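Asks: In the numbering used here, each number is its position in the sequence shown, counted from 1, plus 16.
We put the beta carbon where it would ideally sit given N, CA and C, even for glycine.
Here the structure is a predicted model, which is why all the values come from computation and not from measurement.
Before I ask anything, let me first share the structure, which is written out below as structure tokens.
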Amino acid sequence: MITERGRYLILQGKNVSYILRIHEEGYLLHYYYGKKLRENDYTYVPVEIRSFYTFAPDRVFLEGEKQEYPAFGYNDLKEGAVQVLENGRDTILSLKYKAHEIIDGKPAFEGLPSSKANGENCQTLVVTLSDEAYGIEIRLSYTVFDDSDVIARSARIINAGNGPVCLTKAFSCSLDIAGKRARETDMITLRGAWAKERNIERHPLFQGISEIGSRTGESSHYLNPFVALCDRTATNASGEALGLLLVYSGNHRFQINVDAYDNIRAMCGIHDGGFRWDLAPGEAFQTPECLLCFSAEGLDGMSREYHDFMRAHILPQRFRTAPRPVLVNSWESLYFDFDEEKILNIVRHAKEAGIELFVLDDGWFGHRKNDSTSLGDWYANPEKLPSGVEGIADKINALGLKFGIWVEPEMANPVSELLEKHPDYPIACRKHPPVLGRNQQVLDLTKREVVEFAKSFLDKLLSCGKISYIKWDMNRSMAEITEPAFVHRYYLGLYEVLGYITEKYPDVLFEGCSGGGGRFDAGMLCYHPLIWTSDVSDAIERLKIQEGTALCYPLSAMGSHVTACPNHQVGRVTPFSTRANVASFGTFGYELNVAELSAEDKSEIKNQIARYREIEPLVREGDFSVLVSAFSGGTFTAWQLTSKDKKRAVVLCVRTLASANAGRDFVRLRGLKEDSMYARKGTKEIYSGGELMYRGFLPGLPGTDFASVLSEFIEID
Ligand code: GLA
Numbered sequence: 017m018i019t020e021r022g023r024y025l026i027l028q029g030k031n032v033s034y035i036l037r038i039h040e041e042g043y044l045l046h047y048y049y050g051k052k053l054r055e056n057d058y059t060y061v062p063v064e065i066r067s068f069y070t071f072a073p074d075r076v077f078l079e080g081e082k083q084e085y086p087a088f089g090y091n092d093l094k095e096g097a098v099q100v101l102e103n104g105r106d107t108i109l110s111l112k113y114k115a116h117e118i119i120d121g122k123p124a125f126e127g128l129p130s131s132k133a134n135g136e137n138c139q140t141l142v143v144t145l146s147d148e149a150y151g152i153e154i155r156l157s158y159t160v161f162d163d164s165d166v167i168a169r170s171a172r173i174i175n176a177g178n179g180p181v182c183l184t185k186a187f188s189c190s191l192d193i194a195g196k197r198a199r200e201t202d203m204i205t206l207r208g209a210w211a212k213e214r215n216i217e218r219h220p221l222f223q224g225i226s227e228i229g230s231r232t233g234e235s236s237h238y239l240n241p242f243v244a245l246c247d248r249t250a251t252n253a254s255g256e257a258l259g260l261l262l263v264y265s266g267n268h269r270f271q272i273n274v275d276a277y278d279n280i281r282a283m284c285g286i287h288d289g290g291f292r293w294d295l296a297p298g299e300a301f302q303t304p305e306c307l308l309c310f311s312a313e314g315l316d317g318m319s320r321e322y323h324d325f326m327r328a329h330i331l332p333q334r335f336r337t338a339p340r341p342v343l344v345n346s347w348e349s350l351y352f353d354f355d356e357e358k359i360l361n362i363v364r365h366a367k368e369a370g371i372e373l374f375v376l377d378d379g380w381f382g383h384r385k386n387d388s389t390s391l392g393d394w395y396a397n398p399e400k401l402p403s404g405v406e407g408i409a410d411k412i413n414a415l416g417l418k419f420g421i422w423v424e425p426e427m428a429n430p431v432s433e434l435l436e437k438h439p440d441y442p443i444a445c446r447k448h449p450p451v452l453g454r455n456q457q458v459l460d461l462t463k464r465e466v467v468e469f470a471k472s473f474l475d476k477l478l479s480c481g482k483i484s485y486i487k488w489d490m491n492r493s494m495a496e497i498t499e500p501a502f503v504h505r506y507y508l509g510l511y512e513v514l515g516y517i518t519e520k521y522p523d524v525l526f527e528g529c530s531g532g533g534g535r536f537d538a539g540m541l542c543y544h545p546l547i548w549t550s551d552v553s554d555a556i557e558r559l560k561i562q563e564g565t566a567l568c569y570p571l572s573a574m575g576s577h578v579t580a581c582p583n584h585q586v587g588r589v590t591p592f593s594t595r596a597n598v599a600s601f602g603t604f605g606y607e608l609n610v611a612e613l614s615a616e617d618k619s620e621i622k623n624q625i626a627r628y629r630e631i632e633p634l635v636r637e638g639d640f641s642v643l644v645s646a647f648s649g650g651t652f653t654a655w656q657l658t659s660k661d662k663k664r665a666v667v668l669c670v671r672t673l674a675s676a677n678a679g680r681d682f683v684r685l686r687g688l689k690e691d692s693m694y695a696r697k698g699t700k701e702i703y704s705g706g707e708l709m710y711r712g713f714l715p716g717l718p719g720t721d722f723a724s725v726l727s728e729f730i731e732i733d
């Protein structure tokens, strides 16, 4: 709901209010974003914003005020959200309110992925700011959803003047936070590297700018496009938390600016390092969308809001409630070394064990024997797959499994027929030898012919109608970027290909991947309802990665597989049950040679799949809580999934490392009905919801390294 009260524009979400204020002298100010407020007319608020700084032209000094979309250099000397060049020189923008409109629903977004209304009630406020001296107009857009505490913001910058201008910074959102002091606030980021993605890092804010970003050409393994600001005292269970998250997969930057008076300005958008975007008169630039989320119920409250929002408004809707097939992926079992017989052997055993889909990973195309050749040559390798993709798909289908296949559409090896024929397809700076990453080059998706090539080979592959699943990989960062806005243009090309192919083949399930989790972001989730979370598949390593990812992304979006022991990345030996338990808090599958398992393990797979099928509705639609964090440094981690009706809860406890004489592991649940009675499945234990939440229960976790226990509580009448 959006209402107007005098000079105030009031957005009301499920539990949040967001209030803007139009100042008498035309500036658009921020009044409040946080826990829902009863509406008021705010006539008592002082209207003057005067300052002792005499250089302020109309004596309005904005630095002490909260603004909606600040520009640097006129009457505010803090970092701004937008910067424009005219004739090669920086303009000094003074943006003033021009108009606003309230629209029912959410207007379509051009060229970029964004949240969708999807039938839920939402309204959009569009406020136009303008600097008439420079002919710049900025349309700020805010969508508020009745069912959510997430507010979707973006900006559209228009050259309304007569001459060309150039954008050098165009952030999606700026938030001058009301009611919070920096010295009482922590900043949380999701940091990492390959095989260590999205670990939670938390630190106090300080005067100056705390910032994160990516200039690798993807949202990156290093710093995910997400920042949370929370009370210093906030925990998973309590306190206020506010998130900013970009629906974008390219270079990004988040700046948290703390001024001398302890005020916080949080901003984010496309990374402006080297960014230049020319706008001829009449042209506009659309920023990616930023999802703001506020919760007064701790970090878990914020996570729940983001999960619900992404399931309802970001993930492709046809997969919103559809159960995912349990798959077996060939990578960690066969790597590049396979032929039809090896594949079919796995498929036969997989069928017996109850697995539903086989995904043929890297190595099936061109003359690929290792990672040095053939990316770009998307026809079946004649030695490995003599009957072609259709042939192997038919054989797998005949054995009762669905078929999925790996592709890396954005890449080519220099040793490939593609690049022999089209040496101009990859990104290259031309004056130096090409920079290779994993022996491959990035194809230049800013070029029309490359976009068409990607569309047409994918189309050809999928048109046989026998492929149910695509794993879309992207295995290197970008280098040799000569044109500053190149990465953004690249993503416009990529999103075009993704939009085209996912719309044309709506029933195909797409899994995203980028050397594991190097592009795990809400932009990709608009096309790929799940993403391979990380190349490290060890259950204990995955605890931090999955918990960090779940801070803002839903569990169903996380590809998580049971793999062999000793683990291929870290050599750790963990119980089969723990590997399955951790993988079931995501989209579940296997990535090991099922044919080589003992009869006992094969029949255990059946039990694991059956258990996963019971938990899966909670993975797709339930509430996730962190009871004992993987980052707490304790001897175990505990997570909970609860059904929305609070009738079922599943608790996973994993011993991270044994410790002698460690004491008893009480675990307290959250979010149950206090006065209801709950039975712990498979035991005679019966607890009240209150007892489980305030006293806790003893999961019976063995004291040995890497043991785990999955407990289920069901409400009884
Ligand atoms: C990446 C992926 C792996 C696998 C390999 C294949 O590293 O993350 O899952 O697909 O590529 O080359």
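Grouping DSSP H, G and I as helix and E and B as strand, with all else coil, what is M203?
Replies: For this step, residue 203 is matched to residue 187 along the sequence shown. DSSP places M203 in strand when its eight states are reduced to three.
Asks: Considering only heavy atoms of the ligand GLA, does any lie closer than 8 angstroms to the CB of D377?
Replies: Locating residue 377 in the sequence shown gives position 361, counting from the first residue. True, at least one ligand heavy atom lies under 8 angstroms from that Cβ.
Asks: In whole angstroms, what separates the C-alpha of G379 from that of T389?
Replies: Position 363 of the sequence shown holds residue 379. Position 373 of the sequence shown holds residue 389. Using only the alpha carbons, I get a separation of about 10 angstroms.
Asks: Does DSSP put D324 in a helix, a strand or coil?
Replies: Mapped onto the sequence shown, residue 324 falls at position 308. DSSP places D324 in helix when its eight states are reduced to three.
Asks: Suppose the cutoff is 6 angstroms on Cβ atoms and the five residues either side in sequence are ignored; what does the same chain contact list for F68 look like?
Replies: If you number the sequence shown from 1, residue 68 lands on position 52. Confidence in F68 is poor, its pLDDT being 49 and thus under 50, which makes the residue's placement too unreliable to answer from.
Asks: For S319, which residues from the same chain have a beta carbon less than 7 angstroms from its beta carbon, with the 5 sequence-adjacent residues on both sides left out?
Replies: As a first step, residue 319 is located in the sequence shown; it is residue number 303 there, counting from the start. Hits under 7 angstroms: A566, L567, C568 and F640.
Asks: Report all residues from its chain with a CB closer than 7 angstroms to the CB of A723; omit the five preceding and five following residues, and keep chain order.
Replies: Translated into positions along the sequence shown, residue 723 becomes position 707. If we look at A723 and ignore the five residues flanking it on each side, its Cβ neighbours are P591, T594, R671 and L717.
Asks: Does the beta-carbon of N137 have 16 or more other beta-carbons within 10 angstroms, so that it is buried, or is it exposed?
Replies: Start at 1 with the first residue of the sequence shown, and residue 137 comes out as number 121. N137 comes out exposed.
Asks: Less than 9 angstroms between the C-beta atoms of E153 and T159, yes or no?
Replies: Within the sequence shown, the letter at position 137 stands for residue 153. Within the sequence shown, the letter at position 143 stands for residue 159. Contact: no.
Asks: Should Q585 and D537 be called a contact, given that it needs their Cβ atoms to be closer than 9 angstroms?
Replies: The sequence position of residue 585 within the sequence shown is 569, counting from 1. The sequence position of residue 537 within the sequence shown is 521, counting from 1. Against a cut-off of 9 angstroms, the Cβ pair of D537 and Q585 comes out as no contact.
Asks: Look up A555 in the DSSP assignment and say whether it is helix, strand or coil.
Replies: Numbered from 1 along the sequence shown, position 539 holds the residue referred to as residue 555. A555: helix per DSSP, three-state reduction.
Asks: Using only alpha-carbon positions, find the residue among V181, V274, W210 and G151 that is nearest to L191.
Replies: By 1-based counting over the sequence shown, the position of residue 191 is 175. For the residues V181, V274, W210 and G151, the minimum Cα distance to L191 belongs to V274.
Asks: Just the Cα atoms here: how many angstroms apart are Y6 and N56?
Replies: The requested residue 6 is not part of the displayed model; the chain covers only 17 to 733.
Asks: What does a CB cutoff of less than 8 angstroms around S254 pick up in its chain, not counting 5 residues either side in sequence?
Replies: Here residue 254 corresponds to residue number 238 of the sequence shown, with the count starting at 1. Closer than 8 angstroms at Cβ, skipping near neighbours: E313 and G314.
Asks: In chain order, what residues of the same chain lie with their CB nearer than 6 angstroms to the CB of V32, ignoring the 5 residues before and after it?
Replies: Start at 1 with the first residue of the sequence shown, and residue 32 comes out as number 16. The answer, listed in chain order, is K52, D165 and F310.
Asks: Below 8 angstroms, is the gap between the Cβ of K5 and the nearest heavy atom of the ligand GLA?
Replies: Shown here, the chain extends from 17 to 733; a query on residue 5 therefore has no answer.
Asks: In the DSSP output, which residue or residues are listed as bridge partners for M427?
Replies: Mapped onto the sequence shown, residue 427 falls at position 411. V458, per the DSSP bridge assignment.
Asks: Between the Cα of Y49 and those of N397, E40, Q83 and Y60, spot the shortest distance and give me the residue it belongs to.
Replies: The residue you call residue 49 lines up with position 33 of the sequence shown. Taking only the C-alpha atoms, the option nearest Y49 is Q83.
Asks: Please report the residue range of the beta strand (DSSP E) in which M540 lies.
Replies: Here residue 540 refers to the residue found at position 524 when the sequence shown is read from its first residue. First-last for M540: A538 to L541, but that is the alpha helix (DSSP H), not the beta strand (DSSP E).
Asks: Secondary structure at S164, three-state DSSP: helix, strand or coil?
Replies: In the sequence shown, residue 164 corresponds to position 148, counting from 1. Reduced to three states, the DSSP call for S164 is coil.
Asks: In whole angstroms, what separates the C-alpha of P500 from that of R231?
Replies: On the sequence shown, position 484 is the one that residue 500 refers to. On the sequence shown, position 215 is the one that residue 231 refers to. Whole-angstrom Cα-Cα distance: 11 angstroms.
Asks: In the DSSP output, which residue or residues are listed as bridge partners for H584?
Replies: Residue numbering aside, residue 584 sits at position 568 when the sequence shown is read from its first letter. DSSP lists no partner for H584.
Asks: Three-state secondary structure (DSSP) at F68?
Replies: Along the sequence shown, one-based indexing puts residue 68 at 52. With a pLDDT of 49 at F68, under the threshold of 50, the predicted position of this residue should be treated as unreliable, and no value is reported.
Asks: Is G177 near the ligand GLA - that is, is its Cβ less than 8 angstroms away from at least one heavy atom of it?
Replies: Walking along the sequence shown from the start, residue 177 turns up at place 161. No - the ligand GLA has no heavy atom lying nearer than 8 angstroms to the Cβ of G177.
Asks: V725 lies in the beta strand (DSSP E); which residues open and close that run?
Replies: As a working note, residue 725 is residue 709 in the sequence shown. S724 to I732 is the span of the beta strand (DSSP E), which, as asked, contains V725.
Asks: So, for I18: in the same chain, excluding its five sequence neighbours on each side, which residues have a beta-carbon less than 6 angstroms away from its beta-carbon?
Replies: For the purposes of this step, residue 18 is taken as residue 2 along the sequence shown, with counting starting at 1. If we look at I18 and ignore the five residues flanking it on each side, its Cβ neighbours are L27, I118, Q139 and L141.
Asks: By the three-class DSSP mapping on this structure, what secondary structure does I371 have?
Replies: For the purposes of this step, residue 371 is identified with residue 355 of the sequence shown, where counting begins at 1. Three-state result, I371: coil.
Asks: Just verifying my parser: in three-state terms, what is the DSSP assignment at K358?
Replies: Locating residue 358 in the sequence shown gives position 342, where the first residue counts as 1. Three-state DSSP puts K358 in a helix.
Asks: In three-state DSSP terms, what is N31?
Replies: For this step, residue 31 is matched to residue 15 along the sequence shown. Coil, per DSSP.
Asks: Buried or exposed: which applies to Y710, given that a residue is buried once 16 or more other Cβ atoms fall within 10 Å of its Cβ?
Replies: Within the sequence shown, numbered from 1, the residue matching residue 710 stands at position 694. Exposed, since its Cβ has fewer than 16 Cβ neighbours within 10 Å.
Asks: Along the chain, where does the alpha helix (DSSP H) that runs through D410 open and close?
Replies: On the sequence shown, residue 410 is found 394 positions in, with the first residue counted as 1. Where D410 is concerned, the enclosing alpha helix (DSSP H) stretches over G404 to A414.
Asks: Please find out if some non-hydrogen atom of the ligand GLA comes closer than 8 angstroms to the beta-carbon of W293.
Replies: Along the sequence shown, one-based indexing puts residue 293 at 277. No, Cβ of W293 sits at least 8 angstroms from all heavy atoms of the ligand GLA.
Asks: Confirm, please, whether the CB-CB distance from V635 to F729 is below 9 angstroms.
Replies: For the purposes of this step, residue 729 is identified with residue 713 of the sequence shown, where counting begins at 1. For the purposes of this step, residue 635 is identified with residue 619 of the sequence shown, where counting begins at 1. No, Cβ-Cβ distance for F729 and V635 is not below 9 angstroms.
Asks: Would you check whether the ligand GLA has a heavy atom nearer than 8 angstroms to the C-beta of N252?
Replies: Here residue 252 is taken as the residue at index 236 of the sequence shown, counted from 1. N252 Cβ: outside cutoff for every heavy atom of the ligand GLA.
Asks: Please confirm whether P189 and G127 have their CB atoms less than 9 angstroms apart.
Replies: Residue numbering aside, residue 189 sits at position 173 when the sequence shown is read from its first letter. Residue numbering aside, residue 127 sits at position 111 when the sequence shown is read from its first letter. Reading off the sequence shown, one finds Cys at residue 189, where the question assumed Pro. Contact: no.
Asks: If I measure Cβ to Cβ from G539 and keep anything under 6 angstroms in the same chain, skipping five residues before and after, which residues do I get?
Replies: Numbered from its first residue, the sequence shown carries residue 539 at position 523. Result list for G539: P129, V263, Y264 and S265, in chain order.
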